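Note sheet for the following structure.
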Amino acid sequence: MTAPASPAEALRRKVDWLPYAVGALTVFVLFAFLLFPIAKTILSSFVKNGQELEIANATLTNFAKFFTSASYQRAFVHSLVVGGVSTLVATLLALPAAFALSRVAMPFRNLLMSLSVIPLVSPPFIGAYSWVTLLGKSGIVTHYLNTWFGIEMPSIYGGFGVIVALSLSFFPYVLLIVQGALAAADPFIEECAFVMGASRWRVLRTITFPLVLPSIAAGAIIVFIKALGNFGVPSILGGEYYVLPTLIYFQVHGYFNLNGASAIALVNVLLTLLAILVLVRVNKRRAYVTVTGGTRRSAQLTGLGARIFANTYCWGLLALGLLPHMIVIYSSFAEQWAGTVFPTAYGLANYVNVLANVRAPFTNSIILACAATAMCIVFGTLAAYTSVRKRFFGKWALDLTIMLPFILPGIVTGVAYLTTFNSGLIVLSGSGAILVLAYFVRRLAYVFRTVSAAVGQVDTKLEEASSICGATWWWTMRKITFPLVSPGIISGAILVFATLISEMSVTILLYSAKWKTISVAIYEYIISDDLMNASAIGSITILATLLLVFLSSRIIGKTMAEMFR
Amino acid sequence: MPSHTLQLRDLTKTFEAEQGAVTAVDSVSFDIVDDEFFTMLGPSGCGKTTTLRMIAGLESVTSGTIAFDGQDFTKFSTFQRNIGMVFQSYALFPHMTVFENTAYGLRIRQMGDDEIKVRVSRILELLGLSALAHRNPPELSGGQQQRVSIARALVYDPGMLLLDEPLANLDAKLRVQMREEIRRIQKELGIMSIYVTHDQEEAMSVSDRVAVFNHGKLIQVGAPHEVYASPNSLFVADFIGRANFFPARTALRNGQGARVALGRGSELEMPLSRPLPADEGALLDAGFDAMIVVRPEHLGLAPAGTPGIPCSVRRILFLGNYTRYMVACADARREVFVDMARRVPGIAEGDQASLIVHHQDAILFSGAGR
Chain D
1 MTAPASPAEA LRRKVDWLPY AVGALTVFVL FAFLLFPIAK TILSSFVKNG QELEIANATL
61 TNFAKFFTSA SYQRAFVHSL VVGGVSTLVA TLLALPAAFA LSRVAMPFRN LLMSLSVIPL
121 VSPPFIGAYS WVTLLGKSGI VTHYLNTWFG IEMPSIYGGF GVIVALSLSF FPYVLLIVQG
181 ALAAADPFIE ECAFVMGASR WRVLRTITFP LVLPSIAAGA IIVFIKALGN FGVPSILGGE
241 YYVLPTLIYF QVHGYFNLNG ASAIALVNVL LTLLAILVLV RVNKRRAYVT VTGGTRRSAQ
301 LTGLGARIFA NTYCWGLLAL GLLPHMIVIY SSFAEQWAGT VFPTAYGLAN YVNVLANVRA
361 PFTNSIILAC AATAMCIVFG TLAAYTSVRK RFFGKWALDL TIMLPFILPG IVTGVAYLTT
421 FNSGLIVLSG SGAILVLAYF VRRLAYVFRT VSAAVGQVDT KLEEASSICG ATWWWTMRKI
481 TFPLVSPGII SGAILVFATL ISEMSVTILL YSAKWKTISV AIYEYIISDD LMNASAIGSI
541 TILATLLLVF LSSRIIGKTM AEMFR
Chain S
566 MPSHTLQLRD LTKTFEAEQG AVTAVDSVSF DIVDDEFFTM LGPSGCGKTT TLRMIAGLES
626 VTSGTIAFDG QDFTKFSTFQ RNIGMVFQSY ALFPHMTVFE NTAYGLRIRQ MGDDEIKVRV
686 SRILELLGLS ALAHRNPPEL SGGQQQRVSI ARALVYDPGM LLLDEPLANL DAKLRVQMRE
746 EIRRIQKELG IMSIYVTHDQ EEAMSVSDRV AVFNHGKLIQ VGAPHEVYAS PNSLFVADFI
806 GRANFFPART ALRNGQGARV ALGRGSELEM PLSRPLPADE GALLDAGFDA MIVVRPEHLG
866 LAPAGTPGIP CSVRRILFLG NYTRYMVACA DARREVFVDM ARRVPGIAEG DQASLIVHHQ
926 DAILFSGAGR
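Those protein sequence lines, which keep their order, are chains D and S. Numbers 1 to 565, taken from my numbering, label the letters of the first sequence in order. Numbers 566 to 935, taken from my numbering, label the letters of the second sequence in order.
This is the structure in C-alpha cells:
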C-alpha cells in the first residue's frame with residue numbers, strides 16, 4: 001500500500017477542551033437551578049417571615065408551629081395517614097394482580113400491563129373530580145347505592161376520597177415492579193423447593209414472597225412518596241382535610257409566608273427521606289444475587305379456577321383504575337348535567353368551546369414543556385454520559401443531585417423556586433422562565449435515566465475504537481455515541497414532554513396570569529364547578545399524553561409497562 | 566519500507582484501589598522495530614493489556630516513557646497517535662455498514678470520497694470481505710466481524726497495529742486459521758504489530774518475539790523457540806509449554822557442570838546451572854538449593870530395574886503422534902509427564918518403572934548464593 005501524504009498530519013493537533021467546557025456548564029446549571037434553590041429553602045425555613053437571611057435571625061419558630069398550631073398538626077397526621085393508607089391499599093390491590101400477570105396463563109397480558117400505565121401518565125388530579133361524579137353527594141354510585149340498598153356513603157370530600165383517588169392512581173407502580181420481579185425470578189429456585197416436597201402454598205410463602213419482598217418494598221415506597229407529595233388530589237377532594245402539600249399552598253397563597261412554607265416543605269421531604277431510609281434497610285438485609293440468565297420462564301398456572309380468578313381480578317382492578325379517566329371522557333361529552341344523575345344532553349359543545357376559548361393554556365403548556373424538554377435533553381444527556389463513562393471525584397454527588405427531584409414533591413420545588421427567584425440575584429417570578437426551569441429540574445432525571453441506560457448499553461470499546469481511528473471527543477460523540485444513544489434520548493424526551501403538558505404541583509405555585517397552563521385551566525374549571533369543560537380539556541390531555549408515551553415506548557422498543565418499572 | 570521504532574522505558578502503571586495503590590505494570594522496558602510481530606503473553610492480570618492500552622493512550626502512564634520514532638508518545642492523545650487497534654469484542658460500530666466502519670478512519674482524515682472508495686475496496690479485498698461491504702455488523706459471523714475490525718484498523722496506514730486478544734471470542738478451528746491470516750497480512754503490509762494473548766500456543770505460533778509477563782513485570786523476551794528452550798525462570802518454564810520439576814541439592818560443582826542429588830538420593834550430572842531470578846528463590850522447597858526443569862519430551866521411561874529415578878506409571882494416554890505417560894515420582898514436585906514417540910514395551914498402567922532424564926536438555930536452576 002502506498003502511504004498517503006502523511007496520515008498522521010491529517011489529525012488536527014489541538015487540545016480537546018470541549019468535554020471540560022460542557023462538564024463545567026452542566027455543573028453550573030445543576031448548582032444554580034437545583035442545589036442553590038434547595039439550599040436557600042432550607043435556610044429560609046429557619047428565618048421568620050419577612051426577615052433577612054442572616055445568622056442573627058435564625059429561629060425555629062416555623063418548625064415550632066408543628067407543636068403549637070392545630071392545623072399544622074392535623075396536616076402532618078393527615079399526610080401520614082393518607083401516605084400510609086394509600087400505600088397499604090395500593091400494595092394490597094396490586095400484589096394479586098402482579099402474581100396473576102406473571103404466573104397465570106392469561107391472554108392479553110401485555111395489553112393489560114400497558115393499559116395499567118395510564119393512571120401513571122395522566123396526573124391524578126385530572127381524574128380526581130370523577131370520584132365526586134361517582135361517589136359525591138349526588139354521584140352516580142351514591143344514588144344507586146342509596147335507592148337500591150339504602151346505603152349512605154361517607155362524604156367523598158376528605159380523607160376517604162383522597163385515599164381512594166391516590167391508591168387507585170398509584171397501585172400500578174407496585175404492580176409493574178413486582179410483576180417484573182416475579183416474571184424474572186429464576187424458576188429453578190422454586191422448582192427446587194417443589195422437588196424437595198414443598199406444597200405450592202409453602203413455596204409461595206417461604207420462597208417466592210421473600211424473594212420479591214425488596215421489589216414490593218420498592219414499589220410501596222414510590223407510592224408513599226408520590227402520595228405524600230401529591231397536591232392536586234387533596235386540593236380537589238380534600239376540602240377542609242389539609243395535608244402538608246395543601247398546607248404549603250395555603251401558606252403561600254393565603255399569607256405569602258414563604259418561610260413557613262419552606263419549613264413545611266422541609267418536614268414533607270424529611271418524611272420522604274425517612275421512607276427511603278426504610279427501603280434501603282429492607283433491601284440491605286435482603287441483598288439477593290438473583291441470577292436470571294435463564295431463558296426459561298416460570299411455570300404458568302393453567303387451572304380453570306386460577307384463570308377465572310386472574311382474569312376477573314386483573315380486568316376488574318384495571319377497570320377501577322381507569323374509571324376516573326373514563327368518567328372524564330364521558331363527562332366531556334355531556335352538554336347538560338345539572339341536578340340529575342346522568343347528563344340530559346350529549347354533544348361536542350364542550351370541545352368546541354374549549355378549542356375556541358382555551359387556546360392560550362394549550363399554547364403555553366406546549367411552549368413551556370418544549371423549552372423544558374430541550375433543556376432536559378441537553379443537560380440530562382451530558383450528565384448521564386459523564387456519570388456512566390467518567391470516573392471522577394464526587395460522582396455520587398452528581399447522581400444524587402439529579403435524582404433529588406424524584407423525591408422532592410413538586411410543590412416543594414415550587415416553594416424553593418419562589419423563595420429563590422422572587423428576589424435577589426435573579427428575579428424570575430411571574431415569568432415563563434421560572435416554570436421552564438422548574439419543569440427542567442423536575443424532569444431532568446427522566447432523560448438522565450433513559451440516557452444512562454442507553455449509554456450503558458454502548459460498549460466503551462466503541463468509543464475507544466473511534467479515538468484510535470483518530471477521532472476527537474466531539475467527533476466520537478457526534479458519529480458514534482450520539483447516534484447509538486439517540487433512541488434513549490428521544491424516548492426520555494417524549495416522556496418528559498408528555499408528563500409536563502399537564503404538570504400540576506409545581507405549576508400551581510409558579511404560574512402567572514400570562515403563563516396559565518392546561519393544568520391550571522382544568523383546575524380553575526373544576527374549582528368553579530364547570531366539570532364539563534374541565535373534562536374536555538382533561539380528555540384531550542389524557543389522550544395526547546397516552547399517545548406520546550406509546551410513541552416513546554415504540555422508539556426504544558419496550559412495552560409501556562417496562563418504561564415505568 | 567519506512568523504518569519505525571517503538572521504545573518503552575521503565576513503563577509503570579499504578580491504580581488506586583481500595584486496599585491502596587496496586588502496581589499493574591512495573592518498570593517494563595522493551596524495543597520493537599519495523600514490521601516485527603511482537604506478542605505480550607501472560608496469565609490474566611499480568612499487566613499485558615494495561616501495557617497495550619498505555620501504548621494506545623487509552624490508559625494514562627504513571628511513570629516511564631513510550632517513544633515512537635523518537636517522539637514522546639505520551640504527549641499525544643489517543644486520537645493523535647495514528648495507530649490501529651483490534652479489540653477482543655471487535656467493537657464494530659453497529660449503526661454503520663462494513664464499508665462505513667472501514668472508511669471511518671479515512672473520513673476523520675478528511676480524505677476525498679473517491680480515494681476512500683479505492684482504499685476501502687483494496688483493504689476489504691485483502692481480507693476477503695468485498696462481498697460483505699454493504700452488510701451491517703450484526704449480520705456477520707464472529708470471524709467476519711474480526712476481519713472487518715482488522716480492515717478498519719489498517720486502512721489508514723497506522724504506524725503500528727495493536728491487537729488485544731483478538732481471537733479469544735472465536736472457536737478453536739477459526740482461531741488457528743485467523744492467526745495465520747493476521748500474520749500473513751501483517752507481513753504483507755509490513756506493519757509493526759503488538760499482540761496480546763494469554764494463549765501461549767497462539768503466541769508461539771505467530772510471533773517474531775514473545776514477551777512473557779507476570780505480576781506486572783516483564784519476565785523474559787525472546788524468539789518463541791528461545792523462550793521455550795531456555796526459560797530464564799521457573800515461571801516461564803512452567804507457563805510456556807509443559808515442564809516437570811525436580812527439587813535438587815547441589816553435591817559437586819565443576820567447570821563443566823554440576824552433580825546434583827534428588828530427594829531419594831538419585832544423582833544426576835547436569836550441564837552448567839543458571840541462577841534463579843531473585844524473586845523465585847522462595848519457590849525452592851525446604852532442604853533443596855536447586856530445581857531441575859525437564860520438558861516431557863526430554864524424559865524417557867524404562868522398565869523398573871534400569872538405572873534411573875524410580876517411579877510408578879499411573880496413566881498412559883495414546884495421543885496419536887506420541888504417547889503421554891503420567892507418572893508418579895516421589896522426587897518430582899508434582900505428577901510427571903513423559904512424552905514418548907512410541908510406546909515403551911512392557912510397561913502398563915500401575916507398573917513400577919525408571920525415569921530417565923536426558924540431561925543435556927534439562928535445565929538446572931540454582932538458588933541465590935550458589
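For every residue, glycine included, the Cβ atom is placed at its ideal position computed from N, Cα and C. Every value quoted in this text rests on a predicted model; they were computed, and no experiment measured them.
Whole-angstrom Cβ separation of residue i and residue j, contact assumed at under 8 Å?
{"i": "S/K738", "j": "S/D600", "result": "The pair is not a contact, with the Cβ atoms about 27 Å apart (cut-off 8 Å)."}
{"i": "D/Y241", "j": "D/I526", "result": "So it is not a contact: roughly 17 Å between Cβ atoms."}
{"i": "S/E661", "j": "S/Q711", "result": "Checking the displayed sequence, the identity of residue 661 of chain S turns out to be Met instead of Glu. Between S/Q711 and S/M661 the Cβ distance is about 16 Å, and since that is not below 8 Å, they are no contact."}
{"i": "D/L510", "j": "D/I434", "result": "5 Å"}
{"i": "D/G321", "j": "D/L168", "result": "5 Å"}
{"i": "S/L727", "j": "S/M650", "result": "4 Å"}
{"i": "S/F652", "j": "D/K461", "result": "5 Å"}
{"i": "S/E767", "j": "S/L735", "result": "Actually they are not in contact, since the Cβ atoms of S/E767 and S/L735 sit about 11 Å apart, beyond 8 Å."}
{"i": "D/L115", "j": "D/L318", "result": "6 Å"}
{"i": "D/G136", "j": "D/I156", "result": "5 Å"}
{"i": "D/L415", "j": "D/S262", "result": "The displayed chain sequence assigns Val, not Leu, to residue 415 of chain D. Contact holds; Cβ gap of about 6 Å."}
Mind checking which residues open and close the alpha helix (DSSP H) that includes residue i?
{"i": "D/C370", "result": "R359 to M375"}
{"i": "S/N666", "result": "V663 to I673"}
{"i": "D/R442", "result": "G432 to Q457"}
{"i": "D/F550", "result": "L531 to I556"}
{"i": "D/F171", "result": "G159 to A184"}
{"i": "S/M676", "result": "Per DSSP, S/M676 belongs to no alpha helix (DSSP H) and is neither H nor E."}
{"i": "D/M403", "result": "K395 to I407"}
{"i": "D/N62", "result": "T61 to T68"}
Between the Cα of residue i and the Cα atoms of the options, which residue gives the shortest distance?
{"i": "D/G229", "options": "D/T340, D/A275 and D/S331", "result": "D/A275"}
{"i": "D/L237", "options": "D/F497, D/V164 and D/A299", "result": "D/V164"}
{"i": "D/T133", "options": "D/N257, D/V328 and D/L320", "result": "D/V328"}
{"i": "D/L368", "options": "D/S387, D/P405, D/Y385 and D/Y439", "result": "D/Y439"}
{"i": "S/S798", "options": "S/V777, S/V651, S/A788 and S/H569", "result": "S/V777"}
{"i": "D/I216", "options": "D/R449, D/L182, D/S116 and D/N268", "result": "D/L182"}
{"i": "D/S566", "options": "D/I248, D/S491 and D/I225", "result": "What the structure shows of chain D is the stretch from 1 to 565, and residue 566 of chain D is not part of that stretch, so it cannot be assessed."}
{"i": "S/G612", "options": "S/T630, S/V587 and S/V598", "result": "S/V587"}
{"i": "S/L920", "options": "S/Y890, S/S592 and S/S931", "result": "S/Y890"}
Reducing DSSP to helix, strand and coil, say where residue i ends up.
{"i": "S/H924", "result": "helix"}
{"i": "S/V825", "result": "strand"}
{"i": "S/R907", "result": "coil"}
{"i": "D/G293", "result": "Residue confidence is low: D/G293 scores 45 on pLDDT, short of 50, so the model does not pin down where it sits. Its coordinate-derived value is still stated next. It is coil, neither helix nor strand."}
{"i": "S/V720", "result": "coil"}
{"i": "S/K640", "result": "helix"}
{"i": "S/N509", "result": "Outside the modelled stretch of chain S, which goes from 566 to 935, sits residue 509 of chain S, for which no answer is possible."}
{"i": "D/L211", "result": "helix"}
{"i": "S/A869", "result": "coil"}
{"i": "D/T340", "result": "coil"}
{"i": "D/V77", "result": "helix"}
{"i": "S/E601", "result": "coil"}
{"i": "S/I874", "result": "strand"}
{"i": "S/S625", "result": "coil"}
Which stretch, first to last residue, makes up the beta strand (DSSP E) that contains residue i?
{"i": "S/Q572", "result": "T570 to A582"}
{"i": "S/M856", "result": "A855 to V859"}
{"i": "S/T888", "result": "T888 to A893"}
{"i": "D/Q336", "result": "A334 to Q336"}
message = So, does the stretch 90-106 of chain D touch the stretch 168-180 of chain D, judging by three or more C-beta pairs under 8 Å?
response = yes
inquiry  = Count Cβ pairs between the stretch 202-218 of chain D and the stretch 473-488 of chain D that sit closer than 8 Å; are there 3 or more?
reply    = Segments in contact, no.
request  = Would you check if the stretch 539-549 of chain D and the stretch 117-137 of chain D touch, i.e. whether three or more CB-CB distances between them fall below 8 Å?
outcome  = Counting C-beta pairs closer than 8 Å gives three or more between the stretch 117-137 of chain D and the stretch 539-549 of chain D, which meets the contact rule.
Any 3 or more C-beta pairs closer than 8 Å across the stretch 437-457 of chain D and the stretch 383-403 of chain D = yes
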